[in-house]
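Novice: First residue of the sequence shown: 12, per the UniProt record's numbering; consecutive thereafter. We treat Cβ as the ideally placed atom computed from N, Cα and C, and that holds for glycine. The structure presented is a predicted model; accordingly, all values stated were derived computationally and were not measured.
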Amino acid sequence: DTAPTGLDLPRTTEAILAADGHLVQSWADLNGLKKPGARTAIVAAKGTMVRDSDGNDLIDGIGGLWCVNVGHGRREIIDAIAQQLSTLDFYSTFYTFTHPAAAALAQKLATLAPGSLNRVHFSNSGSVANDGAVRILHHYYERLGRRTKKLVLSRHGAYHGSTYLSIAMTTPPYSKGWSKAEGIVHHLKKPHYWREGADMTEAEFLDALIEDMRTQIEHLGAENIACFIGEPIMGAGGVIVPPAGYHKRVQELCAHYDIKFVADEVVTAFGRLGHFFASEAVFDTQPDMITVAKGITSGYQPLAATLMTDEIHEVISGPDGVFTHGMTYAGHPAAAAAGLANIALMEAEHIPERVRVTGKLFENTLRSLGDIDIVGEVRGSHFMMGIEFVRDKASKALFPEALNIGMLVARKAQEKGLIARPLGHILILSPPLVLTEVEIARIGSILRD
Ligand code: PLP
12 DTAPTGLDLP RTTEAILAAD GHLVQSWADL NGLKKPGART AIVAAKGTMV RDSDGNDLID
72 GIGGLWCVNV GHGRREIIDA IAQQLSTLDF YSTFYTFTHP AAAALAQKLA TLAPGSLNRV
132 HFSNSGSVAN DGAVRILHHY YERLGRRTKK LVLSRHGAYH GSTYLSIAMT TPPYSKGWSK
192 AEGIVHHLKK PHYWREGADM TEAEFLDALI EDMRTQIEHL GAENIACFIG EPIMGAGGVI
252 VPPAGYHKRV QELCAHYDIK FVADEVVTAF GRLGHFFASE AVFDTQPDMI TVAKGITSGY
312 QPLAATLMTD EIHEVISGPD GVFTHGMTYA GHPAAAAAGL ANIALMEAEH IPERVRVTGK
372 LFENTLRSLG DIDIVGEVRG SHFMMGIEFV RDKASKALFP EALNIGMLVA RKAQEKGLIA
432 RPLGHILILS PPLVLTEVEI ARIGSILRD
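Next comes the structure, spelled out in structure tokens:
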């Protein structure tokens, strides 16, 4: 029985989909959803598997939404949430109030985060954590009397969320036809060598990216730019791994021009690349801010955080100024308890360390699909992978958009027992980090089929 006790939930597929007619889904083709069979109701989950309302057990190849890092149904997290709720269901972190779970989680994050990222502002989603990063930096520069530093450098291919500001920081095609915070955000080149590198070597491509950034900074004026924001590996933009050394050079350029460097680690933190944070351990950078969400609770509760250096915190907490920023549920006791239990579990089971082995096996398993005719590029790292389909390998020409090749492959995979995420002509795999070798082999064989 998949219905929790005490709730009168619809049980059959028919009843769930009838109720679902009232639910406006996110990031969906709302017209396409009217077609029969377009939606999948997930009713239960355990470990790396989910069950749909028809009773099919499917490998959760996308970890919920790049977030269920420790796997589904972990008693340790569920019990911590329940215990926290029975002790203190809610209090905010507004004004003079605080509570033990938020305080302890902030302290834990400060010990795990690189450099002097010792101050933590909680929120409820990655989008809001990124909005918050920009708002906090605007406030920071205001307090320093440098009021012109407002602009944000982002990149084509980025995904930073879908609030009014974070969608503006996201790659322009995602916000096509929607109004957004125009004027604040400028997009740098997409750091995707395989697609954009033309006849350059990778080193030349990297030089060109850095030159593009330098030109844009000079054009806009460093005195007008607050920050650069970037995902260490771009996720929803198609799993783009920039050329080696890219992040370090971007950070050096930021430091040269006195522009803050913000790493959006909403996907890459909490073990997905084999470390709690990827910025320093994988990419050798020391950001001024890191934003996290998703894996911080493995999805068991909504929680996000904007981590900042002591230096930024010192300025924003100087005399004569109120920090007019915050959301009611930021650092919610249940979410903070989930975060603490999730991190404790990751540490006890050495999950980041294990990912360095199993994640590499997963990456290599997917890379071995590169010999298939329609596979143009397999890319990513560890448990963050993407497969780009092409009509022609040599020219890298794409299939017609109307064919919706990603969706076609994803549907076939689901019929065979695997949930994968289509994204135009790309298929994304971001499974729980506790995938076994047998499950990794199974995913490889389903995709090859
Ligand atoms: N940043 C990155 C890199 C993401 O992948 C996402 C969501 O997928 C977000 C931010 C937005 O997070 P949320 O959906 O929790 O608002």
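1. Taking the alpha-carbon positions, what's the Ile88 to Thr98 distance?
2. Return the CA-CA distance between Val252 and Gly246, expressed in angstroms with no decimal places.
3. Opposite Gly241 in the DSSP bridges: which residues?
4. If distances are taken between C-alpha atoms only, which option among Arg154, Ala144 and Leu199 comes closest to Leu164?
5. Would you check if there are 3 or more beta carbon pairs closer than 8 Å linking the region 415-433 to the region 224-236?
6. Between Arg85, Ser290, Lys404 and Ala347, which has its C-alpha nearest Ala316's C-alpha?
7. Is Thr302 near ligand 1, judged by its Cβ being under 8 Å from some heavy atom?
8. How close, in whole Å, do the beta carbons of Tyr257 and Leu220 come, if the pair is a contact with beta carbons under 8 Å?
9. Examine ligand 1 and report whether any of its heavy atoms sits within less than 8 Å of the Cβ of Leu76.
10. Between the alpha carbons of Asp142 and Leu176, how many angstroms are there, rounded?
11. Which first and last residues belong to the beta strand (DSSP E) in which Phe288 is found?
12. Taking Cβ positions, are Cys78 and Ser392 nearer each other than 9 Å?
13. What is the DSSP secondary structure of Ile430, counted as helix, strand or coil?
14. Taking the alpha-carbon of Leu123 as reference, which of Ala289, Ile454, Ser64 and Thr447 has the nearest alpha-carbon?
15. Is it the case that the region 111-129 contacts the region 349-363, given that we only count it when at least three CB pairs across the two stretches are under 8 Å?
16. Please determine if the region 98-108 and the region 272-280 are in contact, where contact requires at least 3 C-beta pairs separated by less than 8 Å.
17. Which two residues bound the contiguous beta strand (DSSP E) that contains Gly391?
18. Count the other CB atoms within 10 Å of the CB of Gln36; is the residue buried (16 or more) or exposed (fewer)?
19. Could you tell me the boundaries of the beta strand (DSSP E) in which Ala219 lies?
20. Thinking C-alpha only, which one of Pro411, Ile244, Ile439 and Leu377 is nearest Ile451?
21. Flag this pair as touching only if the region 28-48 and the region 387-403 have three or more C-beta atom pairs under 8 Å; answer yes or no.
22. State the Cα-Cα distance for the pair Lys187 and Arg402, rounded to the nearest angstrom.
23. Less than 8 Å between the CB atoms is what I'm expecting for Gly126 and Gln297, so what's the real figure, rounded?
24. How is Ala280 classed by DSSP in three states: helix, strand or coil?
25. For chain D, find out if any of its Cβ atoms is closer than 9 Å to the Cβ of Gly156; answer yes or no.
26. If you reduce the DSSP assignment to three classes, tell me which class Lys57 lands in.
27. Just grab the DSSP bridge partners of His197 for me.
28. Check whether the region 258-277 touches the region 425-443, counting contact only when three or more Cβ pairs, one atom from each stretch, lie closer than 8 Å.
29. Say the cut is 8 Å; is the CB of His203 nearer than that to a heavy atom of ligand 1?
30. Could you give the distance in angstroms between the alpha-carbon of Glu263 and the alpha-carbon of His171?
31. So is Gln95 buried or exposed if we call it buried at 16+ other beta carbons inside 10 Å?
32. Is Ala247 near ligand 1, judged by its Cβ being under 8 Å from some heavy atom?
33. Provide the residue span of the alpha helix (DSSP H) that contains His132, from first to last.
34. Helix, strand or coil for Asp63, going by three-state DSSP, please let me know.
35. Where does Ala315 fall in DSSP's three states?
36. Tell me His83's beta-bridge partners as DSSP assigns them.
Specialist: In short:
1. Translated into positions along the sequence shown, residue 88 becomes position 77. Translated into positions along the sequence shown, residue 98 becomes position 87. Whole-angstrom Cα-Cα distance: 15 Å.
2. The residue given as residue 252 occupies position 241 in the sequence shown. The residue given as residue 246 occupies position 235 in the sequence shown. In this structure, the CA atom of Val252 is about 9 Å from the CA atom of Gly246.
3. Position 230 of the sequence shown, counting from 1, holds the residue named residue 241. The partner list for Gly241 (beta bridge, DSSP) reads Ala274.
4. Residue 164 sits at position 153 when you count from the first residue of the sequence shown. Among Arg154, Ala144 and Leu199, the Cα nearest to that of Leu164 belongs to Leu199.
5. No, they do not touch.
6. In the sequence shown, residue 316 corresponds to position 305, counting from 1. Comparing Cα-Cα distances from Ala316 to each of Arg85, Ser290, Lys404 and Ala347, the minimum goes to Ala347.
7. Taking the first residue of the sequence shown as 1, we reach residue 302 at position 291. Within the cutoff, so yes.
8. Looking up residue 257 in the sequence shown gives position 246. Looking up residue 220 in the sequence shown gives position 209. With a beta-carbon spacing of about 7 Å, Tyr257 and Leu220 fall inside the 8 Å limit used to define contacts.
9. Position 65 of the sequence shown, counted from the first residue, corresponds to residue 76. For ligand 1, at least one heavy atom lies less than 8 Å from the Cβ of Leu76.
10. If you number the sequence shown from 1, residue 142 lands on position 131. If you number the sequence shown from 1, residue 176 lands on position 165. Going by the C-alpha atoms only, they are around 6 Å apart.
11. As a position in the sequence shown, residue 288 is number 277, starting the count at 1. Bounds of any beta strand (DSSP E) do not take in Phe288, whose DSSP letter is neither H nor E.
12. Within the sequence shown, residue 78 is the residue found at index 67, counting from 1. Within the sequence shown, residue 392 is the residue found at index 381, counting from 1. Contact: no.
13. Stepping through the sequence shown from its first residue, residue 430 is reached at position 419. In the structure shown, Ile430 sits in a strand (DSSP, three-state: E or B).
14. Your numbering for residue 123 matches position 112 in the sequence shown. Closest option to Leu123, Cα to Cα, is Ala289.
15. yes
16. no
17. The sequence position of residue 391 within the sequence shown is 380, counting from 1. Start and end: Val386 to Ser392.
18. As a position in the sequence shown, residue 36 is number 25, starting the count at 1. Per the 10 Å Cβ criterion, exposed.
19. Working through the sequence shown from its first residue, we reach residue 219 at position 208. Going by DSSP, Ala219 is part of no beta strand (DSSP E) but of the alpha helix (DSSP H) stretching over Glu213 to Leu231.
20. Start at 1 with the first residue of the sequence shown, and residue 451 comes out as number 440. When only C-alpha atoms are compared, the closest one is Leu377.
21. no
22. Taking the sequence shown and counting its residues from 1, the one referred to as residue 187 is at position 176. Taking the sequence shown and counting its residues from 1, the one referred to as residue 402 is at position 391. Roughly 26 Å between the two C-alpha positions.
23. Taking the first residue of the sequence shown as position 1, residue 126 is located at position 115. Taking the first residue of the sequence shown as position 1, residue 297 is located at position 286. Rounded, the Cβ-Cβ distance is 4 Å, consistent with contact.
24. As a working note, residue 280 is residue 269 in the sequence shown. In the structure shown, Ala280 sits in coil (DSSP, three-state: anything other than H, G, I, E or B).
25. No chain D is present in this structure, which holds just one protein chain.
26. Your numbering for residue 57 matches position 46 in the sequence shown. In the displayed model, Lys57 falls within a strand according to three-state DSSP.
27. As a first step, residue 197 is located in the sequence shown; it is residue number 186 there, counting from the start. Leu164, per the DSSP bridge assignment.
28. no
29. For this step, residue 203 is matched to residue 192 along the sequence shown. Every heavy atom of ligand 1 is 8 Å or more from the Cβ of His203, so no.
30. For the purposes of this step, residue 263 is taken as the residue at position 252 of the sequence shown. For the purposes of this step, residue 171 is taken as the residue at position 160 of the sequence shown. If you take the alpha carbons of Glu263 and His171, they lie about 22 Å apart.
31. Residue numbering aside, residue 95 sits at position 84 when the sequence shown is read from its first letter. With 16 or more Cβ atoms within 10 Å of its Cβ, Gln95 is classed as buried.
32. Position 236 of the sequence shown, counted from the start, is the residue given in the question as residue 247. The answer is yes for Ala247.
33. As a position in the sequence shown, residue 132 is number 121, starting the count at 1. Per DSSP, His132 belongs to no alpha helix (DSSP H); it is in the beta strand (DSSP E), Arg130 to Ser134.
34. Here residue 63 corresponds to residue number 52 of the sequence shown, with the count starting at 1. Looking at Asp63 - three-state DSSP - the assignment turns out to be strand.
35. Here the question's residue 315 lines up with position 304 in the sequence shown. If DSSP states are grouped into helix, strand and coil, Ala315 belongs with the strands.
36. Here the question's residue 83 lines up with position 72 in the sequence shown. Per DSSP, Gly58.
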